[in-house]
Structures are given as structure tokens and as C-alpha cells.
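Chains as they are written, first to last, in the numbering used here: chain H, 49 to 579; chain S, 31 to 262.
C-beta atoms are modelled at their ideal positions from N, C-alpha and C, and glycine is treated no differently.
What follows is a short report on a single structure.
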Amino acid sequence: MQKRTILSLVVFLLFMIGLLPVLAMLIKSLSVDGHFSVEAYAGVLTSQRQWALMGNSLSLSVWVMFLTTVIGVPLGLLFGKTDFPLRRFFIFLFVIPLLIPPYITAVSWFDLLGREGFAAQFLGSSFAALSSRFLFGLPGCVAILFSVFLPIPILLTMVFLRTINPRLEEAGRLVSGWRGVLWEITIPLILPGIILSAILTFLLSFGEFSVPNFLRYSVFPVESFTQFSAFYNFKAATAAAVPLVLMALVILLSEAVFMRGEITQLRSSTETKNIPLIPLGAARNGLFGLVALLGFFIVIVPILVLLIQSANGQVYSEALRRAGDSLLRSLLYAVIGATFLTVLGFFTGYLIQTKTFRFWRAIDFTTIFLFALPGTVIGIGLIGLWNTVQTNFIYGTLWIIILGYLARYTALTSRITVTQLAQIPPAMEEAARVAGAGWFRRIIFIVIPMARRGLLAGWIVGYIFSLRDTAITMLVYPAGHDTLPVRIFTLMANGSAELIAALCVILILATLLPAGILWMMANPLLRKINR
Amino acid sequence: MNMLRMNSVTKIYSGKKVLENLSLKIVKGERIVILGPSGCGKTTVLRLAAGFIEANGGSVFINEKLVSKNNRILIPPEQRNLGMVFQDLALWPHLSVYGNIAFGLKAKGVGKQEREERIQKTLILVGMDAFAKRKPAELSGGQQQRVALARALVMEPGLLLMDEPLSSLDLELNIRLRKEILRLQEKLGFTLLYVTHAREEAFGIASRIIILNKGQVAFDGTVEEAEKYLKR
């Protein structure tokens with residue numbers, strides 16, 4: 049009874065926080081003066097500009113999906129399946145761009161390749177004009193989003209590799225070399241993971257707002273944001289958001305229908321220590337050089353540029369003076385967001401893993417759908433629903449931002465919980481039940497202690513994604529509640545390049561340092577307790 | 031002629047000696063069963079023979095050819111002419127029965143016509159010719175067992191390694207498949223190295239039994255001698 053009540057409440061919260069704002073937004077866009085009308089949509093369908101936006105959005109996301117898959121999957125295989133040196137370091141290195149707001153990478157490349165950037169100083173203005181043309185448009189957006197989303201196929205490839213029973217590959221190794229085993233056995237088995245990563249990178253690129261906005265490349269999320277924030281045209285903003293909603297819905301539904309059977313054929317392997325690794329032999333050094341070069345260009349160079357651009361102590365004190373309050377708010381909201389995300393994600397993950405309700409798949413799908421939706425869509429939905437006199441205690445406070453985080457990022461913490469709970473034998477909870485423990489007692493004394501590593505990882509992921517959020521916060525933040533990513537974004541219009549670079553460096557440190565320190569401190573402690 | 035020879039093999043996992051100075055010989059055509067409790071190193075012997083892991087000390091010979099020595103694998107698994115049936119069978123879920131059996135032949139570059147003939151012959155041999163198009167998930171436990179056996183046998187291995195392949199089956203099916211394995215071994219003449227913790231299974235299959243205990247050979251002799259040894 050306790051269990052069903054609490055988990056029903058979780059479902060209700062997910063509906064209220066995530067789905068209802070999107071539904072309310074769609075319903076509102078279909079009414080004019082209280083009557084049903086498709087006026088806003090007619091405008092979308094008949095406008096040449098909207099079709100051009102669709103073309104741009106599709107070009108951007110298809111290119112990003114293609115490049116991240118073609119390069120990310122081999123990198124995932126290299127890190128997860130071979131004796132490649134310094135694998136952990138490289139995984140960490142490539143993940144960094146995903147952890148920080150994407151536009152920071154764009155700012156950095158602008159400082160390097162823009163008309164007045166470093167390239168202009170060293171290589172002349174004609175090169176800078178060329179590089180600036182490359183940056184401001186499709187190629188620049190693709191290059192930056194490629195570096196931002198590259199970790200997705202790398203990590204998903206590695207995760208799916210770990211789910212393969214090592215015996216399946218060994219059976220192949222008896223009759224074939226590694227090349228044959230990789231092509232015929234390993235890659236087909238992780239194909240669902242590759243497709244999932246391609247879908248995610250496609251949808252996330254399709255919904256990305258900050259980079260195309262900064263690089264002045266017109267896509268649907270930018271249009272939606274502009275219609276809303278510049279013209280306060282709710283209907284036009286919603287109409288521009290609808291293709292994003294439909295795209296996410298259609299692609300995720302197709303994935304759920306066509307890939308479900310495939311995915312369930314994989315089982316989590318308990319023999320992770322015995323995963324057979326491919327010896328790279330003579331190719332090891334060459335591959336190391338190539339990967340190091342890629343990491344240097346897409347991760348180290350952008351950070352170096354920001355550090356060089358802001359290499360002046362005074363700029364940092366100026367940055368803290370002008371945005372110190374936003375930094376503190378960012379940290380506070382990220383901590384609150386991460387904590388709520390961990391709790392909501394845990395219970396959501398629990399009800400998915402234990403299949404408490406018959407509609408557990410729908411709940412799982414909803415969280416993923418909300419994660420795949422552009423932040424601008426969720427932001428507009430939240431405003432449409434909560435911007436009333438009666439609900440100003442939420443809309444006018446930090447809680448509207450927290451609701452935005454919960455709506456979009458619960459999928460991350462619930463997925464981590466599902467993965468963690470899958471490692472705990474059901475008999476653990478059953479034994480406690482037989483011993484007479486109620487559901488709460490079982491959760492607090494058995495399940496949570498056994499899942500604490502996952503909870504910690506979930507909290508850190510929640511913290512990072514709350515801190516880096518730009519699109520939702522930018523739309524919903526009440527006066528006096530702007531966070532650092534939002535402050536940087538607004539300062540970019542009139543702030544100096546040095547100041548912006550310093551703020552970007554501060555944001556990177558605020559993201560990586562607390563998360564890294566917490567992980568390093570807590571992880572050995574948890575390991576000791578688990579022993 | 032020795033089909034498999036291990037000389038003073040030591041294997042250490044996470045600081046723990048799983049095998050210690052283990053030596054054994056298996057002559058061509060024999061049916062050897064390695065018997066022992068869980069964790070005694072039975073599966074490690076098979077994995078060393080297959081070339082999935084390397085020994086920390088000692089050497090391994092297959093067909094009197096040195097295949098691994100002191101931390102180094104000299105001949106990779108695919109060049110050892112071995113077949114193996116795994117404890118969990120390890121049938122590739124994305125391939126059909128036919129695809130599972132064909133994989134090795136394709137990898138070895140066997141021509142299409144010969145491949146078809148060998149697959150058909152092997153499927154008939156194990157009584158699975160009517161199920162060639164099915165996926166492993168669509169088969170019963172016993173049928174999956176036969177497919178795993180067919181996948182190993184189609185390569186005409188000199189040495190067949192079997193790692194507790196019948197442990198998950200009920201007694202009746204276990205006995206039936208044991209007889210089947212004996213029939214196939216007699217017909218095809220391969221050397222069999224079979225690992226189990228079940229005495230009855232060992233006595234039903236072996237021509238010679240090796241009992242392992244704590245990573246060392248505790249007994250090596252005929253089935254009758256093994257029965258006496260175990261009754262002590």
C-alpha cells in the first residue's frame with residue numbers, strides 16, 4: 049500500500065511537472081479567444097521561412113548525428129574493447145564538452161576563429177574572414193555540436209559493450225580473428241546502443257538552441273525562443289516548437305516499437321572483469337596519436353583559448369563582481385536541482401525496474417521524451433502553465449527553474465537508478481520482506497544502501513546538467529534569479545571578450561571541480577562501506 | 031600422440047593462485063573429464079587450452095605444438111583447431127541456427143557449396159535440420175544445446191572442450207544428451223575434454239578422469255579407479 053501510494057505520487061509529479069506543461073502548451077496554441085483554431089499552425093505550414101528552418105534544423109542534426117556516430121562508435125570500441133593506453137583519461141577528456149553549456153565551446157572557437165580572434169592576429173585578416181565564415185553557419189554549428197555530443201556514442205557504445213556476455217565473443221574467437229568477431233558479433237549486438245546514440249544526438253542537435261543562436265544559424269529552437277522572448281508571441285513560439293515535439297515523439301516511438309525486442313536480448317554481464325580486450329599491437333601508438341590529436345583540438349584547444357583570453361587577474365575579479373551573485377545562485381540551484389532529481393529519479397527508476405505499474409514503459413518513455421525535447425519547448429510549456437496569479441508562488445520564485453530541471457533531466461537520474469537496481473538481486477529485497485520489513489524500511493535499509501553509488505552518480509549528473517542548463521532557465525527565470533550560464537549569455541551582447549572568457553572559465557570550474565571532488569571523496573568511502 | 035599437454039602451468043587471478051604447477055596430458059581420441067568442486071580451476075584449464083587467457087607460468091602444447099608459454103599466447107584461439115561448448119552455450123542471439131553454425135566456416139573462407147554441405151550434414155547429425163532458420167531464443171534448452179554442439183563440430187576440431195554444458199538441464203535431458211555426445215565422439219573420433227562438478231555425469235562420459243583440487247591434480251586415472259578414489 050505504502051509502495052503504491054508513494055509511486056503513484058511520483059507518477060502524478062512526473063505528469064504535472066513534465067507532461068502537463070507540454071500538453072497545456074499544445075492545447076493553448078489551438079485556441080483563439082476561447083475557440084478552436086489552427087491559425088498558428090497554418091502560418092507555420094504555409095510560410096517559406098518555416099520550411100527553410102526545417103531544412104536548416106534537419107541539415108544540422110543529420111550532420112551531427114552522422115559525424116558523432118562515425119567517430120564516436122569507433123572511439124567507444126577503442127576505449128571499451130581494446131588495450132588502448134590511458135583509456136580513463138581520454139574518456140574523461142572527451143566527456144568535458146558535454147558537461148559544460150555548449151555555447152561556451154562556441155564562445156571559445158569564436159575567440160579563436162572570429163574576425164578579431166587569435167587567428168586574425170597570427171594568420172592575418174583574410175584567414176580570419178574565411179574562418180569566421182566557416183564558424184558562423186552550418187559548418188561551425190556542426191563542428192561545435194559534434195564536439196559537444198561526441199561523448200554520447202562513446203559512452204553508449206561502452207555501456208552496451210559491457211552488457212555483452214564475454215562468452216559470445218570468445219565463441220567467435222575460436223574460429224575467427226578479432227576483425228571478424230567485431231563485425232559479425234560485437235557490433236550487431238551493440239547495434240541497439242548505436243541506434244539509440246544516433247537518435248539522441250539527432251534529437252539533441254535538433255533541439256539545441258544556444259549554439260545556433262550564438263552562431264546566427266536559423267533553426268526551429270532559435271525561432272521559437274525569438275518569437276517568445278523578443279515578440280512575446282506565444283502562439284507563434286508554440287507553433288515553431290511543435291515540429292520539435294513531433295520529431296522527438298515520432299523518432300522515439302519508432303525506436304521503442306522497432307528496437308524493443310533487440311534491446312531485451314542483451315543482458316547485463318556480471319563478468320565485467322573478464323571482458324576480452326583486443327590487443328592493438330603495432331597500431332597502438334598510431335591510434336594513440338590520432339586520438340590524442342582529436343582530443344587536443346576539440347577539448348584542450350577551446351579551454352586553452354578561454355584561459356589565454358582571460359589571462360588577467362583583474363578580469364576575474366571584475367567577472368566575480370559582475371556575476372558573483374549569479375554564480376552563487378547557480379551553485380545553489382544546481383544543488384537543489386540535483387537533490388530533487390536524485391529523489392525523483394530514484395523512485396521513477398525503481399518503479400520502472402520493478403515494473404510496479406502496468407504502464408511502466410510509458411513512464412520510461414515519457415522521461416526520455418522530455419529529455420529529448422528542446423529546453424525551449426519545456427520552458428515555454430512551463431510558462432504557459434504556471435504563469436498565473438494563483439501560481440505565482442512557483443512562477444515568481446526559484447521553484448519554476450527547479451521544475452524545469454526536473455521536467456527535463458529526470459530521465460538521466462532514473463536511468464542511472466535502473467542500471468544500479470539491475471545489479472541488485474531481487475532476493476535482497478525479498479529477504480527483507482520475508483523478515484517482516486515494510487516497503488519503506490526495505491527501501492531505506494536495503495535498497496538505498498545497496499544503490500548508493502548509483503545515487504551519488506545520479507546526484508553528480510543532476511548537478512552538472514542543472515548547472516549547465518541554459519535554454520529552460522533563460523526562458524523561465526524570474527527577475528533576480530538568473531544563473532551564471534544565463535548571465536554569461538546576456539553579457540555576451542555588451543561584455544568584453546576577456547570578461548566572457550573569464551566567466552566561462554569560472555563556469556567550467558564550478559561544474560567540474562565540485563563534481564570531481566565529491567566523486568573522488570565519496571567513491572572510495574562507498575567502496576569501503578560496500579566491502 | 032598428445033592432443034593437449036600442459037607443463038607446470040600456474041595461473042593467478044587477483045593475487046590468488048587458481049592453478050599451481052599443474053601438468054596434464056590428453057592423448058588423441060580420449061574422453062577426459064575434469065571433475066572438481068566450484069573454484070578448483072576446472073574452467074581455467076579449458077580457457078588456457080582455448081587461448082582466452084595466458085598462464086603466469088608453464089607452457090601449453092596442442093597437437094605437440096607450443097601454443098602459449100609464460101604469460102604469452104603464441105598461437106591465438108582461432109588457429110588452434112579447437113571447438114568449445116560453453117556453460118551458458120553462448121549462442122549468438124542475433125544470428126539464426128544456420129548463421130551460428132556458418133560463422134566459423136565463413137571466417138575460415140570455406141566456399142559456399144562446401145559450407146552448405148557441411149552445415150546440412152552437421153545439422154542432420156545433431157537432429158536440428160528442421161530448425162535452421164530459427165533464432166536461438168526460439169529453441170528449447172535441449173535444442174540450444176544441440177546447436178552449440180553443431181557449431182563446434184562443424185569446424186571438425188581435433189579437440190572439443192566442453193564447460194559444464196549440461197549443468198542447466200533436467201536429469202532426463204542430461205542423460206539423453208550425454209548419450210548423444212558419446213555417440214558423436216565415437217562416430218567422429220574427436221578428443222574430448224569435458225569439465226563438470228557432477229560425478230555421475232563424469233562417470234557417464236569419461237574414458238579417463240582427472241580430479242582437480244585447489245588448482246592441482248589430485249587424481250588421474252580410469253573411471254573405476256576414480257570411483258574407488260572418491261569412496262575413500
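Is DSSP giving residue i helix, strand or coil here?
i, result
"MET33 of chain S", "strand"
"ASN51 of chain S", "strand"
"TYR398 of chain H", "helix"
"THR130 of chain H", "strand"
"ILE323 of chain H", "coil"
"LEU61 of chain H", "helix"
"ASN204 of chain S", "helix"
"ARG229 of chain S", "helix"
"TRP122 of chain S", "coil"
"ASP530 of chain H", "coil"
"PHE140 of chain H", "helix"
"ALA284 of chain H", "helix"
"GLY81 of chain S", "coil"
"THR205 of chain H", "helix"
"LEU421 of chain H", "coil"
"LYS51 of chain H", "helix"
"ILE426 of chain H", "helix"
"ARG406 of chain H", "coil"
"MET540 of chain H", "coil"
"SER316 of chain H", "With a pLDDT of only 46 at SER316 of chain H, under the threshold of 50, the placement of this residue in the model should not be trusted, and no figure is reported."
Could you please give me the residues that DSSP links to residue i through a beta bridge?
i, result
"HIS83 of chain H", "H:VAL80"
"PHE249 of chain S", "S:ILE241"
"ARG102 of chain S", "S:LYS99"
"LEU190 of chain S", "S:GLY113, S:LEU222"
"SER89 of chain S", "S:ASN37, S:LYS99"
"ILE556 of chain H", "Looking at the DSSP assignment, ILE556 of chain H forms no beta bridge with any residue, so it has no partner."
"ILE56 of chain S", "S:LEU34"
"ILE42 of chain S", "S:LYS47"
What number of angstroms, rounded off, separates the C-alpha of residue i from the C-alpha of residue j?
i, j, result
"SER316 of chain H", "ALA168 of chain H", "The predicted model places SER316 of chain H with a pLDDT of 46, which falls under 50 and marks its position as unreliable, so this point remains unresolved."
"GLU210 of chain S", "ALA228 of chain S", "18 Å"
"GLU87 of chain H", "ILE233 of chain H", "52 Å"
"GLU164 of chain H", "VAL553 of chain H", "20 Å"
"SER56 of chain H", "THR249 of chain H", "32 Å"
"VAL293 of chain H", "ILE149 of chain S", "50 Å"
"GLY82 of chain H", "LYS283 of chain H", "13 Å"
"VAL363 of chain H", "ALA550 of chain H", "7 Å"
"GLY582 of chain H", "LEU252 of chain H", "Beyond the ends of chain H as shown, which are 49 and 579, falls residue 582 of chain H; an answer cannot be given."
"LEU65 of chain S", "LEU297 of chain H", "56 Å"
"THR312 of chain H", "LYS258 of chain S", "Here the model assigns THR312 of chain H a pLDDT of 38, short of 50, so the residue's position is not dependable, and the following value carries that caveat. Cα to Cα, THR312 of chain H sits roughly 48 Å from LYS258 of chain S."
"VAL347 of chain H", "ALA191 of chain H", "12 Å"
"THR318 of chain H", "LEU523 of chain H", "Only weak support is given to the placement of THR318 of chain H: the predicted model assigns it a pLDDT of 49, under 50, and the value that follows is read from those uncertain coordinates. Their backbone Cα atoms lie some 44 Å apart in a straight line."
"LEU106 of chain H", "LEU379 of chain H", "35 Å"
"ILE62 of chain S", "SER302 of chain H", "52 Å"
"SER237 of chain S", "GLY188 of chain S", "17 Å"
"LEU222 of chain S", "ALA420 of chain H", "54 Å"
"THR252 of chain S", "ILE239 of chain S", "6 Å"
"PHE66 of chain H", "PHE441 of chain H", "The question names Phe, yet the displayed sequence has Gly at residue 66 of chain H. Roughly 18 Å separates the two Cα atoms."
Starting from residue i, trace the beta strand (DSSP E) in both directions and tell me its first and last residue.
i, result
"ASP159 of chain H", "Counting along the chain, ASP159 of chain H falls outside any beta strand (DSSP E), though it belongs to the alpha helix (DSSP H) covering 150-161."
"LEU65 of chain S", "61-65"
What span of residues does the alpha helix (DSSP H) with residue i cover, start to end?
i, result
"TRP507 of chain H", "500-516"
"SER173 of chain H", "173-183"
"TYR457 of chain H", "447-470"
"MET476 of chain H", "474-482"
"PRO107 of chain S", "Element bounds for PRO107 of chain S: n/a, residue is neither H nor E."
"ALA132 of chain S", "127-137"
"SER544 of chain H", "Taken as a continuous stretch (DSSP letters only), SER544 of chain H belongs to no alpha helix (DSSP H), as it is neither H nor E."
"CYS70 of chain S", "Segment: none, CYS70 of chain S is in no alpha helix (DSSP H) and carries neither H nor E."
"VAL270 of chain H", "268-277"
"TRP487 of chain H", "487-490"
"LYS151 of chain S", "142-155"
"TRP226 of chain H", "226-229"
Legend entry - Selection of the segment 115-128 of chain S by Cβ proximity to chain C, strictly under 7 Å: No chain C appears in the structure shown, which is made up of the protein chains H and S.
Inset, instruction - Return the residues of the segment 152-166 of chain S that lie within a Cβ-Cβ distance of less than 7 Å from chain H, sorted by chain order. - result: none
Legend entry - Proximal residues, the segment 66-84 of chain S versus chain H, C-beta separation under 9 Å: ARG77, ALA80, GLY81, PHE82, ILE83
Legend entry - Residues of the segment 217-238 of chain H whose Cβ lies closer than 8 Å to any Cβ of chain S, in chain order: GLU218, ALA219, GLY220, ARG221, LEU222, VAL223, SER224, GLY225, GLY228, GLU232, ILE233, PRO236, LEU237
Legend entry - Members of the segment 192-217 of chain S near chain H, C-beta cut-off 7 Å: none
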